[in-house]
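Working notes, beginning with the structure itself.
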Amino acid sequence: MSFLWNAWYCAGLSHDLGQEPLAVKILEQPLVLYRTDDGTPSCLHDRCAHRFAPLSMGKVCGDNIQCPYHGLQFGSDGICKRNPWGNHHIPINAKVRRFPVIERDMLLWVWMGDPERACAEDVLDLAAHFNLPHHPVVYGSYSLPVYYELVTDNLLDLSHGIYLHAGSLTNGEESSGELQVDVQVEGNVVAALHRRLNEAPSPHFKKSWTRSERIDHHSDMYWHAPCNLVHDVGVTAPGRPAEEGIYLHVVHLLTPVSMSETKYHWIASRNFDIEDESVSKALQGAINHAFTQEDEPMIAAVQERMGTTDLMSLRPVLLVGDAAGMRARRLLDRLRREETVPPAVADSHVQGYSIDHIQQTM
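Under the UniProt record's numbering, the first residue of the sequence shown carries the number 1, and numbering increases by one thereafter.
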């Protein structure tokens, strides 16, 4: 298994990056993010070109970040701007790799591949899914000790909800009404569309839905390669269009840290009980509980039993609920095969000073 390099990955929420450097790891690469004087985020390889100290342990000096070991300062372009030693000469190779970074809709995005291929239009458009700033937002972040594709499988397989999330996110009952399932692929997006018709509302919607005892429930998950998902879920009166009902939009952002760790950020918005802060707290608590107490332990147990990150090598039995996950896996495999060899993270290190030159300046 491998990673897709030419893609935008979520490095965190905007409020995660304040005045101090922020260390993150994406695709096994250590990165440091910091804000320049005007608040613009920058992202560099978290390794000084001199003695390879973590720049994230240093401090921000105006538009530069200062290495904590010997005081070299690097700008947002990755080039050394200040050398406090000797005659202050800056070696031509005193630079670290810069990663394209975009801050949009309360999220920080980093492009891990060829910088020439980074396109801002490819960043997941949160505003297209959330009615910001009119609808309230809640969010959370976790570090998961699992391979990210297993989390994708979990999120695309909505059929597990009535068992794993019984009493928290679902009513725990197999639908007595009509069940409609459709899987669609368009470009690099896989959609898992679920309709459960004429059933009792789940605990999640029961308190807020008072128009009818029975409901039509829609739950649509959209996977955007390589690992970001948008979940549109809501209820309406039987036979009525979804836009007449109440709904949640939840964005799931999976960032591979390594082959055995995933950073998971989520953001949820709703169109009901907008002024009720208790509903926001209840929603945040329910999602936190569902994932930390139900999903995460199950995914971790699955990975342990698998003993590998290569699901298909174990020849799993496939059910109808696996269709979207399998299509996403095939699409991601194709994108990885088509990708060129990822660029080296660090610029090649060439001696900036000869030993004789160092001795002459001492």
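Each residue gets a CB set at the ideal place from its N, CA and C atoms; glycine is no exception.
Going straight from the alpha carbon of residue i to that of residue j, what length do you get?
| i | j | result |
| --- | --- | --- |
| residue 98 | residue 108 | 15 Å |
| residue 89 | residue 19 | 29 Å |
| residue 12 | residue 125 | 15 Å |
| residue 346 | residue 329 | Residue placement at residue 346 is flagged as unreliable, the pLDDT there being 43, under the threshold of 50; a coordinate-derived value is accordingly withheld. |
| residue 62 | residue 246 | 47 Å |
| residue 54 | residue 297 | 32 Å |
| residue 154 | residue 294 | 11 Å |
| residue 24 | residue 44 | 10 Å |
| residue 331 | residue 280 | 36 Å |
| residue 32 | residue 111 | 13 Å |
| residue 373 | residue 160 | Residue 373 is absent from the structure shown; the chain starts at 1 and stops at 362. |
| residue 184 | residue 309 | 26 Å |
Is the beta carbon of residue i less than 8 Å from the beta carbon of residue j?
| i | j | result |
| --- | --- | --- |
| residue 95 | residue 71 | no |
| residue 158 | residue 219 | yes |
| residue 6 | residue 117 | yes |
| residue 262 | residue 123 | no |
| residue 68 | residue 47 | no |
| residue 254 | residue 264 | yes |
| residue 292 | residue 147 | no |
| residue 137 | residue 278 | no |
| residue 66 | residue 58 | yes |
| residue 215 | residue 235 | yes |
| residue 196 | residue 224 | no |
| residue 326 | residue 318 | yes |
| residue 212 | residue 273 | no |
| residue 17 | residue 56 | no |
| residue 271 | residue 238 | no |
| residue 377 | residue 324 | This structure cannot speak to residue 377, because the chain is shown only from 1 to 362. |
| residue 140 | residue 284 | yes |
| residue 115 | residue 91 | no |
| residue 260 | residue 145 | yes |
| residue 93 | residue 49 | yes |
Residues in its own chain within less than 7 Å of residue i by CB, not counting five upstream and five downstream?
| i | result |
| --- | --- |
| residue 306 | 314 |
| residue 3 | 27 and 256 |
| residue 301 | none |
| residue 338 | none |
| residue 120 | 102 |
Identify every residue that forms a DSSP beta bridge with residue i.
| i | result |
| --- | --- |
| residue 205 | Partner(s): none; residue 205 has no beta bridge. |
| residue 288 | DSSP output for residue 288 lists no bridge partner at all. |
| residue 73 | 66 and 82 |
| residue 216 | 236 |
| residue 51 | In the DSSP output, where bridge partners are listed per residue, residue 51 has none listed. |
| residue 381 | Coverage of the chain is limited to positions 1 through 362, which leaves residue 381 absent and any answer about it impossible. |
| residue 140 | 266 |
| residue 224 | 189 and 228 |
| residue 45 | 31 |
Starting from residue i, trace the alpha helix (DSSP H) both ways and give me its first and last residue.
| i | result |
| --- | --- |
| residue 297 | 296-306 |
| residue 328 | 323-338 |
| residue 151 | 148-156 |
Residue i lies in the beta strand (DSSP E); which residues open and close that run?
| i | result |
| --- | --- |
| residue 34 | 29-35 |
| residue 365 | With the chain covering 1 to 362 only, the question about residue 365 has no answer from this structure. |
| residue 261 | 261-270 |
| residue 258 | 246-258 |
| residue 12 | 8-13 |
| residue 243 | First-last for residue 243: undefined, no H or E at that position. |
| residue 103 | 101-104 |
| residue 191 | 189-199 |
| residue 107 | 107-111 |
Under 7 Å from any heavy atom of the ligand GTP, does the C-beta of residue i make it?
| i | result |
| --- | --- |
| residue 156 | The model depicted lacks the ligand GTP and carries no ligand whatsoever. |
In chain order, what residues of the same chain lie with their CB nearer than 6 Å to the CB of residue i, ignoring the 5 residues before and after it?
| i | result |
| --- | --- |
| residue 230 | 129, 222 and 251 |
| residue 336 | 2 and 4 |
| residue 349 | In this predicted model, residue 349 has a pLDDT of only 38, less than 50, meaning its place in the structure is not dependable enough to derive any value. |
| residue 356 | With a pLDDT of 37 at residue 356, under the threshold of 50, the predicted position of this residue should be treated as unreliable, though the coordinate-derived value follows. No residues qualify anywhere along the chain. |
| residue 182 | 193 |
| residue 60 | 34 |
| residue 258 | 28 |
Looking only at its own chain, which residues have a Cβ that is under 8 Å from the Cβ of residue i, when we skip the five neighbours before and after it?
| i | result |
| --- | --- |
| residue 354 | Confidence in residue 354 is poor, its pLDDT being 37 and thus under 50, which makes the residue's placement too unreliable to answer from. |
| residue 37 | 62 and 63 |
| residue 156 | 190, 192, 221, 223, 229, 324, 325 and 328 |
Determine, using beta carbons only, whether residue i comes closer than 8 Å to chain C.
| i | result |
| --- | --- |
| residue 66 | Absent from the structure is chain C; it holds one protein chain and no more. |
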